[in-house]
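Worksheet: one structure, shown below.
Protein chains: 2
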Amino acid sequence: MTGEFAQATAVERRDDGAYAAEIAPGWDILGNANGGYTLAIAARAMADAAGRPPLGITGHHLAPAKVGPCTVEVTVQRAGRRMATVSAVVRAGGTDLMAVLGTFGDQVESGPTLVTAAAPDLPPIEKCVRTVPPSFGSDFGDRIDVRARPEDAGFREGRPSGRAEVAGWFRFADDHPVDAFGLVQVADAFAPTVFNAPDVPVSWAPTLDLTVHIRGVPAPGPLRCRFRSAVIQGGLFEEDGEMWDSRGVLVAQSRQLALVPRA
Amino acid sequence: MTGEFAQATAVERRDDGAYAAEIAPGWDILGNANGGYTLAIAARAMADAAGRPPLGITGHHLAPAKVGPCTVEVTVQRAGRRMATVSAVVRAGGTDLMAVLGTFGDQVESGPTLVTAAAPDLPPIEKCVRTVPPSFGSDFGDRIDVRARPEDAGFREGRPSGRAEVAGWFRFADDHPVDAFGLVQVADAFAPTVFNAPDVPVSWAPTLDLTVHIRGVPAPGPLRCRFRSAVIQGGLFEEDGEMWDSRGVLVAQSRQLALVPRA
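One line per chain: the protein sequences are A and B, in this order. Quick note, the working numbering runs 324 ahead of the 1-based positions in the first sequence. Quick note, the working numbering runs 324 ahead of the 1-based positions in the second sequence.
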């Protein structure tokens, strides 16, 4: 059975080598498709061209993506023995939506292991708070089930925690397992960290670039996620994400640079 | 007066819109040009095409860069009011060396500030240790003056600290001020963090992708830098860098994904 996310990010290779896809309804916030969702569509096309799953992918937003058909123009920059480098542009109706660059290759299990990061402590998923409520101007909250720690969700009632951090659980609403493409979605599914910073309005925080590094193959089950910003200054903030699976393995890291919302 | 680095990364716009540059001798390790150096050449060409300095730039290595002429083919993907998105490929002798994607725009000084990161404690520069000695198979150590904290430099004598971290000072050997392009170089100038991890050989650690976010305009003086890896697994490690200026302002952040060296 194919999950909702896999269906909504499916791509089809055309005869001219470009990929046709559909920006599906319900993966948007206020009419603009979520950036992680659009990046996942690009990742699928690039992975197909590379014949390998994503290891690291960077997307730069060019224009808001609206529901409807789009194409992904893919260029394999280099195909090596273990890895391939691929660039892409997502287009719709003559407008470029996103420029993408990525490395594709299989995960390996060997090599030394040293992990000093730790998965966030989270209350059970049913004690956490949906930060994308189904009523939030879109059906995105019916597609993904994102639940923040209660102390990180107070911004919804005007009580930001004061720390630029959001941690919580992620699963798809249909509970379909999260694969490498799903991790690209997870990296952009939580509320912006700056919603919990003092003196930052809860408003649009446009992403300039988003990089997701896939560090493992997730085991089934909800993911523990934490997003943090160490430096908010000059109208910009970085947001670093960690995604941990049910075994306690770090399966993805993300970083984005975004604009601090304005009142 | 132009500094050595500015000279060695100069680009010239040709009539066809591409940029001609020269991979200069002395910016290599064992014959391969440093990745931050090559990325800085690309950044200069892209910034010229965008008419703005870099805010964020990601480079993916395609092939080792050797001393000699190269070209940077630049495509302005989008030019907005405040920012432009630009892609580029660095080529030499028919070989693609690096694929690059970046956002270009001026730093702004306004907006809320919340900084929870802190500059590393470092001994005075003269008590720190050159990790790129002038004798290291190249003149790179005569171009950049990188000095690690003594406890982070023990790997050179087979005494890794056991923590995947390297902190220290950066300045150009000619003491020319570090600008936005210089920060791109700084982000890839220190020894790999994994040299201080247990059971990792001190050997080639090829970078897959390197992202540098420029977060401020550096004040004159040496930069305090810290590079850390939280997750070494599956043959890969991420390396996060912070660069702080003499005022104590974080002026750049970097992240790269690289291959763990093999014996």
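All C-beta atoms, glycine included, are put in the ideal place defined by N, C-alpha and C. Because the structure is a prediction, the values reported are computed rather than measured.
{"Asked": "Element boundaries [alpha helix (DSSP H), containing residue 331 (chain A)]", "Found": "328–332"}
{"Asked": "Contact the stretch 375–392 of chain B vs the stretch 433–444 of chain B: 3+ CB pairs below 8 Å", "Found": "no"}
{"Asked": "For residue 570 (chain B), the nearest candidate out of B:329, B:513, B:495, B:523 (CA to CA)", "Found": "B:495"}
{"Asked": "Buried or exposed (CB count within 10 angstroms, at least 16 for buried), residue 528 (chain B)", "Found": "exposed"}
{"Asked": "CB contact check: residue 490 (chain B) to chain A, cutoff 8 Å", "Found": "no"}
{"Asked": "Close Cβ partners of residue 428 (chain A) (< 7 Å) along its chain, the five nearest in sequence each way excluded", "Found": "370, 371, 374, 376, 377, 378, 379, 407, 408, 410"}
{"Asked": "Chain B residues whose Cβ lies nearer than 7 Å to that of residue 562 (chain A)", "Found": "537, 577"}
{"Asked": "Check whether residue 577 (chain B) and residue 562 (chain B) have beta carbons under 8 Å apart", "Found": "no"}
{"Asked": "Reference residue 535 (chain B); option with closest CA among B:504, B:453, B:517, B:381", "Found": "B:381"}
{"Asked": "Listed by chain order, chain B residues near residue 365 (chain A) by CB distance under 7 Å", "Found": "Neighbours of residue 365 (chain A) on chain B: none; closest Cβ ~17 Å, over 7 Å."}
{"Asked": "DSSP three-state assignment for residue 517 (chain A), whether helix, strand or coil", "Found": "helix"}
{"Asked": "Limits of the unbroken beta strand (DSSP E) element including residue 370 (chain A)", "Found": "No beta strand (DSSP E) holds residue 370 (chain A); the alpha helix (DSSP H) holding it covers 359–374."}
{"Asked": "Collapsed DSSP secondary structure at residue 446 (chain A) in the structure displayed", "Found": "coil"}
{"Asked": "Three or more C-beta pairs below 8 Å linking the stretch 460–470 of chain A and the stretch 342–351 of chain A", "Found": "yes"}
{"Asked": "Residue 487 (chain B) vs residue 520 (chain B) beta-carbon contact at 8 Å", "Found": "yes"}
{"Asked": "6 Å Cβ shell around residue 335 (chain A) - same chain, five flanking residues per side excluded", "Found": "343, 345, 368, 369"}
{"Asked": "Distance CB(residue 540 (chain B))-CB(residue 575 (chain B)) smaller than 8 Å", "Found": "yes"}
{"Asked": "CB contact below 8 Å: residue 362 (chain B) versus chain A", "Found": "no"}
{"Asked": "Pick from B:455, B:524, B:498 that is closest to residue 491 (chain B), judged by C-alpha positions", "Found": "B:455"}
{"Asked": "Residue 523 (chain B) - DSSP class collapsed to helix/strand/coil", "Found": "coil"}
{"Asked": "Three-way DSSP call (helix, strand, coil) for residue 469 (chain B) in this model", "Found": "strand"}
{"Asked": "Span of the alpha helix (DSSP H) around residue 506 (chain B)", "Found": "504–510"}
{"Asked": "Cβ of residue 436 (chain A) within 8 Å of any chain B Cβ", "Found": "yes"}
{"Asked": "Secondary structure of residue 340 (chain B), DSSP reduced to three states", "Found": "coil"}
{"Asked": "Exposed unless 16 or more other CB atoms sit within 10 angstroms - verdict on residue 489 (chain B)", "Found": "buried"}
{"Asked": "Counted within 10 angstroms of its Cβ, other Cβ atoms place residue 448 (chain B) as buried (16 or more) or exposed", "Found": "exposed"}
{"Asked": "DSSP bridge partner residues for residue 385 (chain A) (one or two, in chain order)", "Found": "A:422"}
{"Asked": "Partners in chain A for residue 402 (chain B), counting only beta-carbon separations shorter than 7 Å", "Found": "386, 420"}
{"Asked": "Reference residue 441 (chain B), options B:340, B:581, B:568, B:579, closest by Cα", "Found": "B:568"}
{"Asked": "Simplified DSSP assignment, three categories, for residue 480 (chain B)", "Found": "helix"}
{"Asked": "N- and C-terminal bounds of the beta strand (DSSP E) containing residue 415 (chain A)", "Found": "408–416"}
{"Asked": "C-alpha gap between residue 420 (chain A) and residue 361 (chain B), whole angstroms", "Found": "30 Å"}
{"Asked": "Residue interval of the beta strand (DSSP E) (run including residue 393 (chain A))", "Found": "392–403"}
{"Asked": "Top-ranked residue by Cα proximity to residue 581 (chain A), from A:556, A:478, A:394", "Found": "A:556"}
{"Asked": "Limits of the beta strand (DSSP E) - the one that residue 492 (chain A) falls within", "Found": "489–496"}
{"Asked": "Cβ of residue 556 (chain B) within 8 Å of any chain A Cβ", "Found": "yes"}
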